[in-house]
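Read through the structure below, which is laid out as structure tokens, and then see the notes.
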Amino acid sequence: MNRYVQAAAELEAALSADSGLVEAYYWLFVARRAMGDEAAAAKAQAALEEAVAAGRGGLSGRYWLLRLYQEAGGGEAAARTLSVMESVAWATPSDAEAQYWLGRAYYETARVDQAVQAFQRALEVCPDHGLAHFWLG
Numbered sequence: 140m141n142r143y144v145q146a147a148a149e150l151e152a153a154l155s156a157d158s159g160l161v162e163a164y165y166w167l168f169v170a171r172r173a174m175g176d177e178a179a180a181a182k183a184q185a186a187l188e189e190a191v192a193a194g195r196g197g198l199s200g201r202y203w204l205l206r207l208y209q210e211a212g213g214g215e216a217a218a219r220t221l222s223v224m225e226s227v228a229w230a231t232p233s234d235a236e237a238q239y240w241l242g243r244a245y246y247e248t249a250r251v252d253q254a255v256q257a258f259q260r261a262l263e264v265c266p267d268h269g270l271a272h273f274w275l276g
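When we follow my numbering, the leftmost residue of the sequence shown carries the number 140, and every step to the right adds one.
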């Protein structure tokens with residue numbers, strides 16, 4: 140069985156069990172696109188957009204949406220998503236997770252210096268934030 144077909148089936152099963160797994164929508168988009176099924180990829184994109192609009196996933200959901208937009212060419216949708224992430228993270232400086240996800244977004248958009256600063260802010264709030272340490276490494 141084609142690995143992308145298998146991956147898509149497993150991701151669909153995961154989303155059937157828990158529609159809050161917003162990262163799975165992104166990977167479903169990637170798998171469907173790799174399979175050459177642009178219509179199914181567009182459905183995965185729409186589902187992720189809908190999940191984020193409904194508030195599922197918080198900043199991590201917005202991060203996966205940003206990655207999807209970057210993968211699809213970036214543009215205005217990616218810029219808007221990053222702007223929302225910045226607004227949320229800047230409004231909640233004591234939220235280590237918000238700082239971490241902003242760092243990931245900056246990294247994804249090749250803003251490495253800003254990513255490092257965001258990861259460092261996450262560690263100021265939560266010195267044991269393993270993923271912030273990881274992304275600084």
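Note that the Cβ used here is the ideal one computed from N, Cα and C, for glycine as well.
Contact check, Ala-261 vs Ala-271, beta carbons under 7 angstroms: As a working mapping, residue 261 is identified with position 122 in the sequence shown. As a working mapping, residue 271 is identified with position 132 in the sequence shown. Taking 7 angstroms as the Cβ cut-off, Ala-261 and Ala-271 qualify as a contacting pair.
Ala-173 to Gln-145 span [Cα, whole Å]: Taking the sequence shown and counting its residues from 1, one reaches residue 173 at position 34. Taking the sequence shown and counting its residues from 1, one reaches residue 145 at position 6. Taking the straight line from one Cα to the other gives about 12 angstroms.
Classification of Val-191 by the beta-carbon crowding that lies within 10 angstroms, buried from 16 upward: Against the sequence shown, residue 191 aligns to sequence position 52. By the 10 Å Cβ count, Val-191 comes out buried.
Range covered by the alpha helix (DSSP H) that runs through Asp-252: Stepping through the sequence shown from its first residue, residue 252 is reached at position 113. That run of the alpha helix (DSSP H) goes 251 to 264.
Distance between Gln-209 and Tyr-143 (C-alpha atoms, nearest Å): Looking up residue 143 in the sequence shown gives position 4. Looking up residue 209 in the sequence shown gives position 70. The straight-line gap from Cα to Cα measures roughly 20 angstroms.
Sequence-distant residues of its chain with Cβ nearer than 7 angstroms to Thr-231 (five each side left out): Taking the sequence shown and counting its residues from 1, the one referred to as residue 231 is at position 92. Closer than 7 angstroms at Cβ, skipping near neighbours: Ala-237.
Beta-carbon proximity of Glu-247 to Arg-219, cut-off 7 angstroms: The count along the sequence shown starts at 1 and reaches residue 247 at position 108. The count along the sequence shown starts at 1 and reaches residue 219 at position 80. It is not a contact, given that the beta carbons lie outside the stated cut-off.
Rounded C-alpha distance that separates Tyr-164 from Ala-183: Stepping through the sequence shown from its first residue, residue 164 is reached at position 25. Stepping through the sequence shown from its first residue, residue 183 is reached at position 44. The alpha-carbon atoms of Tyr-164 and Ala-183 are separated by roughly 6 angstroms.
Ala-148 - DSSP class collapsed to helix/strand/coil: Within the sequence shown, numbered from 1, the residue matching residue 148 stands at position 9. Note: Ala-148 maps to helix in three-state DSSP.
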